[in-house]
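**Student:**
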Amino acid sequence: EQIMIHADHRGMVKFESKEDNDYEKVSDHLIIMVESAGGVISLRWEEEMRADVARINLDQSFSVVFRLSEASETSHFVARQAELTAIHQRLNEGSGRRSVTLHGLGGIGKTQLAIAYTKMHRDEYSAIFWLNIKDEVSVKQSYLQLAKQILQDCPSASQLGVFLDDKKQDEVVAAVPGKADAGAVDIGQFLPEAHHGSVIVTRRSSKVSVGRRLKVGKLEDVRDGLEILSDASHREDETLTHLDPDAAELARELDGLPLALATAGAYLDQVTTSFADYFRLYRASWRRLQQTSPEVSTYEDRQLYSTWQLSLDHIKQQSELSTKLLQLWAYFDNQDLWFELLREGRTDGPLWLCQLTEDELSFNEAVRILCDYGLIEVDRSSEGHVVESQGYGMHGCVHAWTVHVVNQEWDSEMAGVALECIGRHALKQDAQQWRRTQRRLLRHLTRC
1 EQIMIHADHR GMVKFESKED NDYEKVSDHL IIMVESAGGV ISLRWEEEMR ADVARINLDQ
61 SFSVVFRLSE ASETSHFVAR QAELTAIHQR LNEGSGRRSV TLHGLGGIGK TQLAIAYTKM
121 HRDEYSAIFW LNIKDEVSVK QSYLQLAKQI LQDCPSASQL GVFLDDKKQD EVVAAVPGKA
181 DAGAVDIGQF LPEAHHGSVI VTRRSSKVSV GRRLKVGKLE DVRDGLEILS DASHREDETL
241 THLDPDAAEL ARELDGLPLA LATAGAYLDQ VTTSFADYFR LYRASWRRLQ QTSPEVSTYE
301 DRQLYSTWQL SLDHIKQQSE LSTKLLQLWA YFDNQDLWFE LLREGRTDGP LWLCQLTEDE
361 LSFNEAVRIL CDYGLIEVDR SSEGHVVESQ GYGMHGCVHA WTVHVVNQEW DSEMAGVALE
421 CIGRHALKQD AQQWRRTQRR LLRHLTRC
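For the record, in the sequence shown the residue sitting at position 98 is 98 according to UniProt numbering, with numbers rising by one throughout.
Printed below as a string of structure tokens:
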């Protein structure tokens, strides 16, 4: 309770005598406070003890039933043992909260890898929650579902004031900020601040990560690709038992990209088309084939045709030169495209190509953005055996997408630029460099 005395700031604790009215008012109030202090302190201690007991009981009994209702799980997860081991190691290093970010090309299997890890190690955690932090709506839905799970499986959580009732849930969820641009969402703001627990984040971009990063690449063993193709098409006898050579050829063409393999399998499951005929259609009518293929429910974007559109939209916002480079790549081979080769087009080429190849820094900035979204990567095939700078490569399925979706129609100017780059560079090579450079140029010449 507040009391009022007639004094300024300097004189408020100075009194003329014990008979002073203000002195008597303050001293009487202090006596009351001292007399009631014992009871007040006792109540506060009791409150702290109740909170401690609640925390102890919660620690001992807090356990949420394992559910992945918001995640689409594949029925047949294959391979990835090295990645599963790496995740486990990184989530068990040191103390405090451990985090790992799985990043890589869309459709490469990041989500399925995260699901497989949580299933494998579910008994090591008292609770596992799946959050979709794609945009504001998905964040709210995820946290509302999380709150319901906690209250359903662990009612004692309410003793700590955690999601006390439905109204409280709505307040907490509504307080979660969101952003219109999904690519700009700051994942960190949605994660707990507690200094314990483990966090796995999946995202395409490698630019922003939570904790340690782990790049998820394609499946290297063609047999793993055959397993996905077999499971999705329900043609186990043809693909695995008898090792159909056409199925193996298709698996090699799709080159370990899980979404491409699952899409092909889903199509083959609904028609009588053979593996050989699908391969022919894939080469001849890629765009129509992808548009008419069934959706793959276990992948976020569900169609190979559209899975990289979001990445392309973000790239267009960031760099016109990166977008142009992606378009131009359709007229080269998908592997080993390098700086010096593209510089040859500066003489009679468009302005954007001159800007792209003005110097190595300009070129590096453009390819860095494409690398960031996993659309291209450093080409390791020619590492240590090149005269000029090392090249970059893209997955064959991504290259098909640049041909049929990014470009859509044949661009004679782009094709002319590619042909001029190859022709001029071939003529400039001296005898000592020719043999090594010739090997690099041949694959691009074949493409033209």
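Where a beta carbon is used, it is the ideal one built from N, C-alpha and C, also for glycine. Predicted model, so just to flag it, every value in this text is computed and none were measured.
Thinking Ala260 and Gly107 are a contact (beta carbons under 8 angstroms), I'd like their distance in whole angstroms, please.
**Tutor:** 7 angstroms
**Student:** Can you check the stretch 258-298 for any alpha helix (DSSP H) of at least 4 residues that lies completely inside it and give the ranges in chain order?
**Tutor:** 258-270, 275-284 and 286-292
**Student:** Per DSSP, what are the beta-bridge partners of Arg203 in this structure?
**Tutor:** His103
**Student:** From the DSSP output, in three-state form, read off Glu377 for me.
**Tutor:** strand
**Student:** If we count Cβ pairs, one from each stretch, closer than 8 angstroms, do we get three or more for the stretch 81-88 versus the stretch 305-316?
**Tutor:** Between the stretch 81-88 and the stretch 305-316, the count of Cβ pairs shorter than 8 angstroms is below three; the stretches do not touch.
**Student:** If you compare alpha carbons, which of Ala79, Leu325 and Leu441 is closest to Ile228?
**Tutor:** Closest by C-alpha distance to Ile228, out of Ala79, Leu325 and Leu441, is Ala79.
**Student:** Considering Cα atoms alone, identify which of Leu442, Leu370, Ala426 and Leu341 is closest to Val358.
**Tutor:** Residue 358 is actually Glu in this sequence, not Val. Checking every option, the nearest Cα to that of Glu358 belongs to Leu341.
**Student:** Leaving out five residues on either side along the sequence, give the residues of the same chain with a beta carbon under 7 angstroms from the beta carbon of Ser319.
**Tutor:** Ala366 and Ile369
**Student:** Please classify Gly39: is it buried, with 16 or more other beta-carbons within 10 angstroms of its beta-carbon, or exposed?
**Tutor:** exposed
**Student:** What are the start and end residues of the beta strand (DSSP E) that includes Leu214?
**Tutor:** Arg212 to Lys215
**Student:** On the three-state DSSP scale, how would you describe Tyr392?
**Tutor:** strand
**Student:** Where does Val100 land, buried or exposed, given buried means 16+ other C-beta within 10 angstroms?
**Tutor:** buried
**Student:** Take Asn364 as the anchor and find which of Val386, Gln390 and Leu351 has the nearest alpha-carbon.
**Tutor:** Gln390
**Student:** Out of Asp333, Gln335, Gln327 and His425, which has the shortest C-alpha to C-alpha gap to Ser412?
**Tutor:** Gln327
**Student:** Hey, Ala114 and Phe77: beta-carbon distance below 8 angstroms or not?
**Tutor:** no
**Student:** Going by DSSP in three states, Arg435 sits in which element: helix, strand or coil?
**Tutor:** In this structure, Arg435 counts as helix in the three-state DSSP scheme.
**Student:** Rounded to whole angstroms, what's the CA-CA distance from Val398 to Trp434? Just pull it up for me.
**Tutor:** For Val398 and Trp434, the distance between alpha carbons rounds to 30 angstroms.
**Student:** Indicate the three-state DSSP secondary structure (helix, strand or coil) for Arg424 in the structure shown.
**Tutor:** helix
**Student:** Among the residues of its own chain, which have a CB less than 6 angstroms from the CB of Arg343, if the five just before and after it don't count?
**Tutor:** Thr357
**Student:** Glu295 to Ser75, Cα distance in whole Å?
**Tutor:** 15 angstroms
**Student:** For His121 and Ser206, which I take to be in contact (beta-carbon distance under 8 angstroms), what is that distance rounded to the nearest angstrom?
**Tutor:** So it is not a contact: roughly 24 angstroms between Cβ atoms.
**Student:** Run through DSSP, which three-state label would Ala142 get?
**Tutor:** Checking the sequence shown, residue 142 turns out to be Ser, not Ala. Reduced to three states, the DSSP call for Ser142 is helix.
**Student:** Just curious, the alpha helix (DSSP H) that Ala82 is in, first and last residue?
**Tutor:** Ala82 -> alpha helix (DSSP H) spans Gln81 to Arg90.
**Student:** Is Leu337 helix, strand or coil when you go by DSSP?
**Tutor:** strand
**Student:** Using a Cβ-Cβ cut-off of 8 angstroms (strictly less than) and excluding sequence neighbours within five positions of Ala182, which residues of its own chain qualify?
**Tutor:** Note that Ala182 scores a pLDDT of 42, beneath 50, so its modelled location is shaky; the value from the coordinates is reported in the next line. So the list reads Lys134, Asp135 and Leu310, once near-sequence residues are dropped.
**Student:** Comparing C-alpha positions only, which one of Trp338, Glu193 and Asp224 sits nearest to Ser376?
**Tutor:** Looking at the sequence provided, one finds Ile at residue 376 rather than Ser. The shortest C-alpha separation from Ile376 is found at Trp338.
**Student:** Along the chain, where does the alpha helix (DSSP H) that runs through Leu310 open and close?
**Tutor:** Gln309 to Gln318
**Student:** Let me confirm a value: Met394 is counted as buried when at least 16 other C-beta atoms fall within 10 Å, else exposed. Which label applies?
**Tutor:** buried
**Student:** Helix, strand or coil for Lys218, going by three-state DSSP, please let me know.
**Tutor:** coil
**Student:** Smallest Cα separation from Glu409: which of Glu360, Leu427, Ala330 and Leu281?
**Tutor:** Among Glu360, Leu427, Ala330 and Leu281, the Cα nearest to that of Glu409 belongs to Ala330.
**Student:** Just confirm the distance between the C-beta atoms of Val417 and Leu321, as a whole number of angstroms; I'd bet it's less than 8 angstroms.
**Tutor:** Contact flag wrong, Cβ pair sits at about 14 angstroms.
**Student:** Apart from the five residues just before and just after Ala232, which ones in its own chain have a Cβ nearer than 6 angstroms to its Cβ?
**Tutor:** Taken in chain order, the residues that qualify are Ala262, Gly265 and Ala266.
**Student:** Whose C-beta lies closer than 8 angstroms to the C-beta of Thr323 among residues of the same chain, with five residues either side of it excluded?
**Tutor:** Leu312, Ile315 and Lys316
**Student:** With a 10 Å radius around its C-beta and 16 neighbouring C-beta atoms as the bar for buried, classify Val386 as buried or exposed.
**Tutor:** buried
**Student:** Run through DSSP, which three-state label would Ser63 get?
**Tutor:** coil
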